[in-house]
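Enquirer: So in our numbering, spot 347 of the sequence shown is number 974, and the numbers just go up one at a time.
Just so you know, even glycine gets a beta-carbon here, dropped at the ideal spot from N, CA and C.
Just so we're clear, the structure is a prediction, and the values are computed from it rather than from any experiment.
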Amino acid sequence: YCLSGHPTLPCNVLKFKSTTIMLDCGLDTTSVLNFLPLPLVHSPRLSKLPGWISKDGSINLEKELKECAGRVFVDSQPEFCLPERELLDLSTIDVILISNYHCMMALPYITEHTGFTGTVYATEPTLQIGRRELVNFMERVPKAQSATCWKNKEIQRMLPGPLKDAVDVWTWKRCYSMQEVNSALSKVQLVGYSQKVELFGAVQVSPLSSGYSLGSSNWIIQSHHEKVSYVSGSSLLTTHPQPMDQSSLKNSDVLILTGLTQMPTANPDGMLGEFCSNLAMTIRAGGNVLVPCYSSGVIYDLLECLYQFIESANLGTTPFYFISPVANSSLEFSQIFAEWLCHNKQTKVYLPEPPFPHAELIQTNKLKHYPSIHGDFSSEFRQPCVVFTGHPSLRFGDVVHFMELWGKSSLNTVIFTEPDFSYLDALAPYQPLAMKCVYCPIDTRLNFHQVSKLLKEVQPLHVVCPEQYTQPPLTQSHRSDLMLELQPPPMPYKRCSVLNLPFRRRYERVYILPELANSLVPSEVKPGVSVATVSAVLQSKDNKHTLQSVPKAPPVAPSKKRKRVMEEPPVTMAPKPLLSGVVPLEAFLATLQKHGITEVKVEETADGHILHLQAEDTLIQLEEDGTHIVCDNNEPLRATLRDLVLRFLQKL
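1) How long is the line joining the alpha carbons of LYS1035 and PHE1043, rounded to whole angstroms?
2) Report the rounded CA-to-CA distance for GLY684 versus ARG784, giving the unit in angstroms.
3) Assuming ASN845 and SER859 are in contact, meaning their beta carbons sit under 8 Å apart, how far apart are those beta carbons, in whole angstroms?
4) Going along the chain, which unbroken runs of the beta strand (DSSP E) with 3 or more residues stay wholly within the stretch 826-908?
5) Let me confirm a value: ARG758 is counted as buried when at least 16 other C-beta atoms fall within 10 Å, else exposed. Which label applies?
6) Beta carbon of LEU906, beta carbon of PHE947: below 7 Å?
7) For the alpha helix (DSSP H) that contains PHE1215, what are its first and last residues?
8) Alpha carbon to alpha carbon, how far is GLU807 from PRO735?
9) Whole angstroms are fine: how far does the CA of ASP896 sit from the CA of LEU864?
10) For the stretch 909-917 against the stretch 1090-1102, are there 3 or more C-beta pairs whose distance is under 8 Å?
11) Which residue from ARG698, THR656, GLU1243 puts its Cα closest to that of ASN1260?
12) With which residues is VAL701 paired in a DSSP beta bridge?
13) Are three or more beta carbon pairs between the stretch 1053-1068 and the stretch 868-882 nearer than 8 Å?
14) For the stretch 1072-1087 against the stretch 883-891, do three or more pairs of beta-carbon atoms, one drawn from each stretch, fall closer than 8 Å, so that the two count as touching?
15) Between the C-alpha atoms of GLY653 and LEU724, what's the straight-line distance to the nearest angstrom?
16) Among THR1218, LEU1206, ILE1237, LEU1219, whose alpha-carbon lies nearest the alpha-carbon of GLN1277?
17) Please state whether the Cβ-Cβ distance between LEU1174 and ILE1139 is less than 7 Å.
18) In the structure shown, what three-state DSSP assignment does HIS1172 receive?
19) For the candidate residues GLU689, HIS669, LYS675, whose alpha-carbon lies nearest to that of SER681?
20) Between the alpha carbons of GLU706 and SER658, how many angstroms are there, rounded?
21) Please return the same chain residues whose Cβ sits closer than 8 Å to the Cβ of CYS903, not counting the five positions on each side in sequence.
22) Classify GLY842 as buried or exposed, calling it buried when 16 or more other Cβ atoms lie within 10 Å of its own Cβ.
23) For GLU694, which residues of its own chain have a beta-carbon under 6 Å away from its beta-carbon, when the five flanking residues on both sides are left out?
24) Distance, Cα to Cα, PRO1263 vs LEU1219?
25) Go ahead and pull the three-state DSSP assignment for ALA749.
26) Three-state secondary structure (DSSP) at PHE1275?
27) Quick one: grab the DSSP three-state call for GLY684.
28) Determine the contact status of THR741 and SER726, defining contact as a CB-CB distance below 7 Å.
29) Taking 7 Å as the threshold (C-beta atoms), are LYS644 and ALA829 in contact?
30) Can you give me the C-alpha to C-alpha distance between LEU1216 and GLU1251, rounded to a whole angstrom?
31) Just tell me which of ALA1061, CYS1064, GLN1114 has its CA closest to the CA of LYS1083.
32) Pick out the complete alpha helix (DSSP H) segments inside the stretch 964-1033, 4 residues or longer, and give them in chain order.
33) Please specify which runs of the alpha helix (DSSP H), each continuous and at least 4 residues long, are wholly inside the stretch 1070-1156, giving them in chain order.
34) Mind checking whether ARG1265 and CYS1258 have CB atoms under 7 Å apart?
35) The alpha helix (DSSP H) that contains LEU917, what's its start and end?
36) What residue range does the alpha helix (DSSP H) around MET805 cover?
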């Protein structure tokens, strides 16, 4: 079941072997681009924006909608597009598997408001970084007024785009509370790479390193005879996390593939180079640089790249500021999660030098981190400088303040590195803008070329993926290299799709109790092959199947009352022996002759032979899988013939 239409922020549900498993719960945050930014400090510009009235004056939503540079925005607390909640009963979900911290932002909506009683599995860095991102998200959204009139279907139809085209606006929800975040995270159980977790005895799940971010995972979901791999947000590039585990994905019946790069044409290394050169150019010209970013992830690689670049570009005196409520813990965490780092960084953890260079930048005062723009930052702030802060949508967080502060000067530059939001849409409520804008999206996730190579190596029987991956992007319809071309073709899904996965479930594992196994008498049917018949009771409990001995009927005490038919214990008949082998025609005819049956007419059929015993008026049908004796009112003869046939067969 696909509950999210956004391939990089997935939310799918897999029903497999009587378990219901949710794979990720990503939150589609692109809906916030329809809202006005929330400034941390009163903004005269935003408060003076004119309200929107339809051309004919029939619709007046001046209080809810504001106009800026030809675009219309909702003036209220930002709202998010949730995973689909009507497609199936979410209270039936047994477990939620999280692949990385980007894909858990909808967790509180799912665990707190659907009757969910299961467990959430994630790795430790995913939980800790995710906790910070969720809280960060939360704390920065001031509780402004909420707007609802614009969501009326009749009114929404009349609005200018992109508001007119926004889907399911009624299901959009405002941000969760701190209490909901804590309650959701209390349901998380930590797992390590390759750790096997049993679900109800039916299925085993285990996380594998996906190479994308600290603690990011792909998941293997398997029973005794079937295997599903879930590949989401993986990277083969050499960055800070542990490299991707590819070999464990082999022999999958079904591979669910999602979270590929959003920038298939942008090379991350090239983008890093462009990022550094634009930054240096702006600083040299006396301007400031603003980098809207998340509080963890690509920022570690950006800081590492800058560390090497600062010295060579003589930017040693320029201050770098990282502003986020979790900046401090984010930078510290990246240093202590040693086992989740790539080998090269792991070895540094045990040396007297930190694995990430940003620790040295902090020690030498080149990188300073602050929880917000209030307090220490305002007294220590000096320009020109470089500021890393969130949120990348430019709708809330400290970034709003810097956009208002620096937007009017063409000396300053804003550099977009996060690929999640269209930078033109992000900038729309700040237009007209004098500052320079540079788009260097850095997305280290798998591209189509890498995925095709990976799938050739692991060879799953079937691939399931979002429909966006089965056709070229709309803007580049000629680029057939920007899609998945596989044999057999992948099974595509979109939001609200329900797919039946092509499992050939042919086997089930059954255990046999020792005392029952002890009572079996194998007979050799051909050299090296023995067969035994089993009469047993099959017990199925917690998805484990066991063969047990047939219980003996208890002795019945004589009673005066007339027995009801129902009370009599069932009589267990001794099973008839099974027969195996073939009746050879020539030898059988010779045996019949010995017993005085001489007039036999043999007829060949598709399945064997028919023997007509003319004097006795009897038919014997010899077939591969059975022998029929048709004989009228002559019981002694039938019994004799039966015994003659049995001479040639083995009894089990």
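Expert: Checking against the coordinates, here is how it stands:
1) Here residue 1035 is taken as the residue at index 408 of the sequence shown, counted from 1. Here residue 1043 is taken as the residue at index 416 of the sequence shown, counted from 1. In a straight line, the C-alpha of LYS1035 is about 18 Å away from that of PHE1043.
2) To locate residue 684, count along the sequence shown from 1; it is residue 57. To locate residue 784, count along the sequence shown from 1; it is residue 157. About 15 Å.
3) Residue 845 sits at position 218 when you count from the first residue of the sequence shown. Residue 859 sits at position 232 when you count from the first residue of the sequence shown. The pair is a contact, with the Cβ atoms about 7 Å apart (cut-off 8 Å).
4) 830-836, 844-849, 854-859, 881-885
5) Sequence index remark: in the sequence shown, residue 758 carries index 131 (1-based). By the neighbour-count rule (16 or more Cβ atoms within 10 Å), ARG758 is buried.
6) In the sequence shown, the residue the question calls residue 906 occupies position 279. In the sequence shown, the residue the question calls residue 947 occupies position 320. Taking 7 Å as the Cβ cut-off, LEU906 and PHE947 do not qualify as a contacting pair.
7) By 1-based counting over the sequence shown, the position of residue 1215 is 588. Residues 1212-1221.
8) Taking the sequence shown and counting its residues from 1, the one referred to as residue 807 is at position 180. Taking the sequence shown and counting its residues from 1, the one referred to as residue 735 is at position 108. Here the C-alpha atom of GLU807 lies approximately 6 Å from the C-alpha atom of PRO735.
9) Reading the sequence shown from its first residue, position 237 is the one you call residue 864. Reading the sequence shown from its first residue, position 269 is the one you call residue 896. Computed Cα separation, rounded: 10 Å.
10) no
11) The residue labelled residue 1260 in the question sits at position 633 within the sequence shown. Considering only alpha carbons, the answer is GLU1243.
12) Residue mapping note: residue 701 aligns to position 74 of the sequence shown, counting from 1. Per DSSP, PHE662, LEU692.
13) Segments in contact, no.
14) Yes: the two stretches touch, three or more of their Cβ pairs being nearer than 8 Å.
15) Position 26 of the sequence shown, counting from 1, holds the residue named residue 653. Position 97 of the sequence shown, counting from 1, holds the residue named residue 724. Taking C-alpha positions only, GLY653 is separated from LEU724 by approximately 11 Å.
16) Stepping through the sequence shown from its first residue, residue 1277 is reached at position 650. Taking only the C-alpha atoms, the option nearest GLN1277 is LEU1206.
17) Here residue 1174 refers to the residue found at position 547 of the sequence shown. Here residue 1139 refers to the residue found at position 512 of the sequence shown. Yes; because the gap between Cβ atoms is below 7 Å, this pair is in contact.
18) Taking the sequence shown and counting its residues from 1, one reaches residue 1172 at position 545. When secondary structure is reduced to three states using DSSP, HIS1172 falls in the strand class.
19) For the purposes of this step, residue 681 is taken as residue 54 along the sequence shown, with counting starting at 1. Considering only alpha carbons, the answer is GLU689.
20) Residue numbering aside, residue 706 sits at position 79 when the sequence shown is read from its first letter. Residue numbering aside, residue 658 sits at position 31 when the sequence shown is read from its first letter. So the alpha carbons of these two residues sit roughly 7 Å apart.
21) In the sequence shown, the residue the question calls residue 903 occupies position 276. CYS932, LEU933, PHE936, ALA940, listed in sequence order.
22) Within the sequence shown, numbered from 1, the residue matching residue 842 stands at position 215. Buried: at least 16 other Cβ atoms inside 10 Å.
23) Start at 1 with the first residue of the sequence shown, and residue 694 comes out as number 67. Excluding sequence neighbours, GLU694 sits near PRO677, TRP679.
24) Here residue 1263 refers to the residue found at position 636 when the sequence shown is read from its first residue. Here residue 1219 refers to the residue found at position 592 when the sequence shown is read from its first residue. About 15 Å.
25) Against the sequence shown, residue 749 aligns to sequence position 122. Looking at ALA749 - three-state DSSP - the assignment turns out to be strand.
26) The residue you call residue 1275 lines up with position 648 of the sequence shown. It is coil, neither helix nor strand.
27) Sequence index remark: in the sequence shown, residue 684 carries index 57 (1-based). Coil at GLY684, not helix or strand.
28) If you number the sequence shown from 1, residue 741 lands on position 114. If you number the sequence shown from 1, residue 726 lands on position 99. The answer is no: Cβ separation not under 7 Å.
29) Counting from one through the sequence shown, the residue named residue 829 turns up at place 202. Counting from one through the sequence shown, the residue named residue 644 turns up at place 17. Cβ atoms of ALA829 and LYS644: closer than 7 Å.
30) What you label residue 1216 is simply residue 589 of the sequence shown in a count that begins at 1. What you label residue 1251 is simply residue 624 of the sequence shown in a count that begins at 1. The alpha-carbon atoms of LEU1216 and GLU1251 are separated by roughly 17 Å.
31) Sequence index remark: in the sequence shown, residue 1083 carries index 456 (1-based). Checked all of ALA1061, CYS1064, GLN1114; the closest Cα to LYS1083 is GLN1114.
32) 970-976, 985-990, 1003-1007, 1026-1033
33) 1075-1085, 1141-1145
34) As a position in the sequence shown, residue 1265 is number 638, starting the count at 1. As a position in the sequence shown, residue 1258 is number 631, starting the count at 1. It is a contact, given that the beta carbons lie within the stated cut-off.
35) In the sequence shown, residue 917 corresponds to position 290, counting from 1. For LEU917, there is no enclosing alpha helix (DSSP H); the enclosing beta strand (DSSP E) has its first and last residue at 916-919.
36) Counted from its first residue, the sequence shown places residue 805 at position 178. Boundaries of the alpha helix (DSSP H) harbouring MET805: 805-812, taken from the DSSP string.
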